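Just remember that our numbering sits 470 ahead of the position in the sequence shown, which is counted from 1.
Glycine included, C-beta positions come from ideal geometry on N, C-alpha and C.
No experiment lies behind these values; they were computed from the predicted model shown.
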Amino acid sequence: MEHLCRINWKEIKNRKELEKEIIDWCDKNYSDINELKRVDVLTLIETHNLLDNSKLSYDQESGFSKIEITIDARVFYGIKSKWNLTFNFPEFGEHCISLLISRYYGEIRKEDFYNYTHDITIA
């Protein structure tokens, strides 16, 4: 059985680590993101149940099709965040041209920040 493991999105700290995890998850000895195929990204979406957080679009001017995925990311000092991944594919072809990764942070809520910074347990 293929792809039994899932990526733990909330443990990933930066863009480089996220890209490496996606490549490693494909388990096909890819060396970089440009070797990813459209079917790999669609399998990633299906395996991680990200269909509701994904969007497929096509840009007629550039001829690119895009797959956008929004994923919950690590909590940063009590602030929730999300990864936004945009995979770009050519109109004719199956290999990924580029992967744009951005991270969006939610609002800082005083209560969450206080709870996060003052939740110190002594073992």
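- By the neighbour-count criterion, in which a residue is buried when 16 or more other Cβ atoms sit within 10 angstroms of its Cβ, Cys-566 is buried.
- Each residue's CA atom was taken as its position, placing Arg-485 and Asn-554 some 10 Å apart.
- Spatial neighbours of Ile-515 in its own chain (CB-CB distance under 8 Å, excluding positions within 5 residues in sequence) are listed in chain order as Leu-521, Ser-524, Ile-537 and Ile-539.
- Looking at the DSSP output, Thr-540 shares a beta bridge with Asn-554.
- One thing to note: Val-511 has its Cβ within 8 Å of the Cβ of Phe-557.
- If you ignore the 5 residues before and after Cys-496, its C-beta comes within less than 6 Å of the C-beta of Asp-510, all in its own chain and listed in chain order.
- When rounded, the separation of the alpha-carbon atoms in Gly-576 and Ala-543 is 11 Å.
- For secondary structure counted as the alpha helix (DSSP H) over 4 or more consecutive residues, the segment 488–518 holds these complete runs in sequence order: 508–517.
- For Lys-525, the enclosing beta strand (DSSP E) has its first and last residue at 524–529.
- Excluding its 5 nearest sequence neighbours in each direction, Ile-482 has C-beta neighbours in its own chain below 8 Å: Leu-488, Glu-491, Ala-543, Arg-544 and Trp-553, listed in chain order.
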